[in-house]
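*Asks:* Each number in my numbering comes from the position in the sequence shown (counting from 1) with 1113 added on.
Pasting in a structure now, in structure tokens, and then I'll have a few things to ask.
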Amino acid sequence: TILLLPRGKSGQARTINLSYRMLKWGGGILAASLLFWLVSLVVALEFSGDRYQRARLSSENALLLKEVGDMRTKFASAAETLQRVQQFAEKLRVMTDFPSDAPSAQSKMSMGGPSETEMAEEITAEGEEIASIDGEETGDSGSLEDLKANFEKLQRKLEQEERSLEELHSFLKERQTLLSSTPSIWPTRGWVASGYGYRVSPFTGMQQLHQGIDIATHRGTNIIAPADGVVTFAGMKKGYGNVLVIDHGYGIKTKYGHNSEVYVKSGDAIKRGTLIARVGTTGRTTGPHLHYEVWVNGIPADPMDFILN
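Rendered as structure tokens:
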């Protein structure tokens, strides 16, 4: 029995009689309601936790994908840089007759492996393989580990190439006179219309050795000396037209054919960058160009092996 009394003096008291059955049902409903709200609260907390976890994982995955993308870009760039460095170093070795297989002080201690050309091919292949990975694949942790392992391998190869270049630099410091006398820059501005090697002659239609390169350009374009040397011939020669020959010493000579004008004479000592002639069409030509040859110990060589810039 529940007795309800009024606040003031007036009023009438009331009573509410509750049976045991009503109390039982009421208590059950109250307990069920409390249980329902408790379960709802737990579910809401778990859902909120899962949502936070998913958001955190999504953020971590985005950072991971960015890290993989950045590393992939760095790897490809480093691989291209190493390939360019190796090509540049190989040109220097050809110019200075420095042995490309010369072992370093550290590499003499039971070291082996592929040649520089093979390494460059391998690094290029690795760079292409890394660059071909899809965004979905880069999300895999194994891909990131492989990428890091390949990057470490590339770093080791860069360190090895750095040691090789240090040896080459030391070698070149001892042979500065040779370097200044080696034709290492373009003698004129233009584009290579015909390279060194066997080709079909535009005059006879037969295969023959082209002993230099043809640099096509406008008539009157400046021709400069690609290295220090002494002019040994300046005059007309069959086929070459108005031709110029420079002896650079160390068994190296260069020849310049089809000139319209020549500004030096036999016996002149010249420096790299000196204006020596202008492009023309003298001799047997199909248009204005410079026929440029490099001879080493009496044997024609590919001028492109010597041009560094």
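By construction, the Cβ of each residue, glycine as well, lies at the ideal position given by its N, Cα and C atoms.
(1) Given this structure, state the Cα-to-Cα distance separating residue 1419 from residue 1294, to the nearest angstrom.
(2) Taking residue 1407 as the reference, which of 1363, 1380, 1386, 1312 has the closest Cα?
(3) Return yes when the Cβ of residue 1345 is within less than 8 Å of the Cβ of residue 1336, no when it is not.
(4) Is it right to say residue 1300 is buried, meaning 16 or more other beta carbons lie within 10 angstroms of its own, or is it exposed?
(5) Under 8 Å by Cβ, that's how I've got residue 1355 and residue 1393 pegged, so tell me the actual separation to the nearest angstrom.
(6) Residue 1305 by DSSP, collapsed to three states: which one?
(7) Does DSSP put residue 1122 in a helix, in a strand, or in coil?
(8) Taking the alpha carbon of residue 1415 as the point to measure from, which residue in 1338, 1343, 1307 has its own alpha carbon closest?
(9) Let me check understanding here. Comparing Cα to Cα, which of 1114, 1121, 1156, 1150 lies closest to residue 1136?
(10) Report the three-state DSSP secondary structure of residue 1150 (helix, strand or coil).
(11) DSSP has residue 1357 in a bridge; who is on the other side?
(12) Could you pull the start and end residues of the beta strand (DSSP E) that residue 1403 belongs to?
(13) Would DSSP call residue 1143 helix, strand or coil?
(14) My output table needs one value for residue 1388: the three-state DSSP class, helix, strand or coil.
(15) Would you give the residue range spanned by the beta strand (DSSP E) that residue 1290 belongs to?
(16) What residues are listed by DSSP as bridge partners for residue 1116?
(17) Give the C-beta separation of residue 1374 and residue 1397 to the nearest angstrom, bearing in mind that I take them to be a contact with Cβ-Cβ under 8 Å.
(18) For residue 1417 and residue 1309, which I take to be in contact (beta-carbon distance under 8 Å), what is that distance rounded to the nearest angstrom?
(19) Go ahead and pull the three-state DSSP assignment for residue 1313.
(20) Distance, Cα to Cα, residue 1143 vs residue 1153?
(21) Determine the DSSP secondary structure at residue 1327, reduced to helix, strand or coil.
(22) Verify whether the separation of the beta carbon atoms of residue 1404 and residue 1371 is less than 8 Å.
(23) Consider the Cβ of residue 1327: report whether some Cβ of chain C lies at a distance smaller than 8 Å.
(24) Are the Cβ atoms of residue 1338 and residue 1412 separated by less than 8 Å?
(25) Let me know the secondary structure DSSP gives residue 1422 once reduced to three states.
(26) Under DSSP, the beta strand (DSSP E) around residue 1298 begins and ends at which residues?
(27) Between which two residues does the beta strand (DSSP E) harbouring residue 1060 extend?
(28) Straight-line CA distance for residue 1200 to residue 1289?
(29) Could you tell me the distance, in whole angstroms, from the CA atom of residue 1161 to the CA atom of residue 1151?
(30) With residue 1328 and residue 1305 assumed to form a contact (beta carbons below 8 Å), what rounded beta-carbon distance in angstroms separates them?
(31) Pull up the CB-CB distance for residue 1421 and residue 1204, whole angstroms please, since I reckon it's below 8 Å.
(32) If we ignore side chains and look at the alpha-carbon of each, how far apart do residue 1284 and residue 1292 end up?
(33) According to DSSP, simplified to helix, strand and coil, what is residue 1382?
*Replies:* Put simply:
(1) The residue labelled residue 1419 in the question sits at position 306 within the sequence shown. The residue labelled residue 1294 in the question sits at position 181 within the sequence shown. Residue 1419 and residue 1294: Cα-Cα distance of roughly 12 Å.
(2) Within the sequence shown, the letter at position 294 stands for residue 1407. The option with the nearest alpha carbon to residue 1407 is 1363.
(3) Stepping through the sequence shown from its first residue, residue 1336 is reached at position 223. Stepping through the sequence shown from its first residue, residue 1345 is reached at position 232. Taking 8 Å as the Cβ cut-off, residue 1336 and residue 1345 do not qualify as a contacting pair.
(4) For this step, residue 1300 is matched to residue 187 along the sequence shown. So residue 1300 counts as buried.
(5) On the sequence shown, residue 1355 is found 242 positions in, with the first residue counted as 1. On the sequence shown, residue 1393 is found 280 positions in, with the first residue counted as 1. At roughly 7 Å, the Cβ-Cβ gap stays under 8 Å, so residue 1355 and residue 1393 are in contact.
(6) To locate residue 1305, count along the sequence shown from 1; it is residue 192. Of the three classes helix, strand and coil, the one that applies to residue 1305 here is strand, per DSSP.
(7) Taking the first residue of the sequence shown as 1, we reach residue 1122 at position 9. Three-state DSSP puts residue 1122 in coil, outside helix and strand.
(8) Position 302 of the sequence shown, counted from the start, is the residue given in the question as residue 1415. It is 1307 whose Cα lies nearest to the Cα of residue 1415.
(9) Indexing the sequence shown from 1 puts residue 1136 at position 23. Checking every option, the nearest Cα to that of residue 1136 belongs to 1114.
(10) As a first step, residue 1150 must be located in the sequence shown, where it is residue number 37. If DSSP states are grouped into helix, strand and coil, residue 1150 belongs with the helices.
(11) Counting from 1 along the sequence shown, the entry for residue 1357 is found at position 244. According to DSSP, which records beta bridges pairwise, residue 1357 is partnered with 1347, 1369.
(12) Here residue 1403 refers to the residue found at position 290 of the sequence shown. Per DSSP, residue 1403 belongs to the beta strand (DSSP E) from 1402–1409.
(13) Locating residue 1143 in the sequence shown gives position 30, where the first residue counts as 1. Three-state DSSP puts residue 1143 in a helix.
(14) For the purposes of this step, residue 1388 is taken as residue 275 along the sequence shown, with counting starting at 1. Strand at residue 1388.
(15) Here residue 1290 refers to the residue found at position 177 when the sequence shown is read from its first residue. No beta strand (DSSP E) contains residue 1290, which is instead part of the alpha helix (DSSP H) from 1289–1293.
(16) Here residue 1116 corresponds to residue number 3 of the sequence shown, with the count starting at 1. Beta-bridge pairing links residue 1116 to 1128.
(17) Here the question's residue 1374 lines up with position 261 in the sequence shown. Here the question's residue 1397 lines up with position 284 in the sequence shown. Going by Cβ atoms, the distance from residue 1374 to residue 1397 rounds to 18 Å, so no, they are not a contact pair.
(18) The residue labelled residue 1417 in the question sits at position 304 within the sequence shown. The residue labelled residue 1309 in the question sits at position 196 within the sequence shown. About 7 Å separates the two Cβ atoms, so the contact holds.
(19) By 1-based counting over the sequence shown, the position of residue 1313 is 200. Residue 1313: strand per DSSP, three-state reduction.
(20) As a first step, residue 1143 must be located in the sequence shown, where it is residue number 30. As a first step, residue 1153 must be located in the sequence shown, where it is residue number 40. Rounded to the nearest angstrom, the two C-alpha atoms are 15 Å apart.
(21) Sequence index remark: in the sequence shown, residue 1327 carries index 214 (1-based). Correct three-state label for residue 1327: strand.
(22) In the sequence shown, the residue the question calls residue 1404 occupies position 291. In the sequence shown, the residue the question calls residue 1371 occupies position 258. Yes, these two residues count as a Cβ contact at 8 Å.
(23) Reference to chain C is not applicable here, since this structure consists of a single protein chain.
(24) Residue 1338 sits at position 225 when you count from the first residue of the sequence shown. Residue 1412 sits at position 299 when you count from the first residue of the sequence shown. Cβ atoms of residue 1338 and residue 1412: not closer than 8 Å.
(25) Counting from 1 along the sequence shown, the entry for residue 1422 is found at position 309. Three-state result, residue 1422: coil.
(26) Sequence index remark: in the sequence shown, residue 1298 carries index 185 (1-based). Segment: none, residue 1298 is in no beta strand (DSSP E) and carries neither H nor E.
(27) Past the edges of the chain, shown from 1114 to 1422, lies residue 1060, and the structure says nothing about it.
(28) Along the sequence shown, read from residue 1 onward, the residue named residue 1200 stands at position 87. Along the sequence shown, read from residue 1 onward, the residue named residue 1289 stands at position 176. So the two alpha carbons sit approximately 21 Å from each other.
(29) Within the sequence shown, the letter at position 48 stands for residue 1161. Within the sequence shown, the letter at position 38 stands for residue 1151. The straight-line gap from Cα to Cα measures roughly 15 Å.
(30) Within the sequence shown, residue 1328 is the residue found at index 215, counting from 1. Within the sequence shown, residue 1305 is the residue found at index 192, counting from 1. Correct: roughly 6 Å between the Cβ atoms.
(31) Sequence index remark: in the sequence shown, residue 1421 carries index 308 (1-based). Sequence index remark: in the sequence shown, residue 1204 carries index 91 (1-based). With a Cβ gap of about 6 Å, residue 1421 and residue 1204 count as contacting.
(32) Walking along the sequence shown from the start, residue 1284 turns up at place 171. Walking along the sequence shown from the start, residue 1292 turns up at place 179. Rounded to the nearest angstrom, the two C-alpha atoms are 11 Å apart.
(33) The residue given as residue 1382 occupies position 269 in the sequence shown. Residue 1382 falls in the strand class under three-state DSSP.
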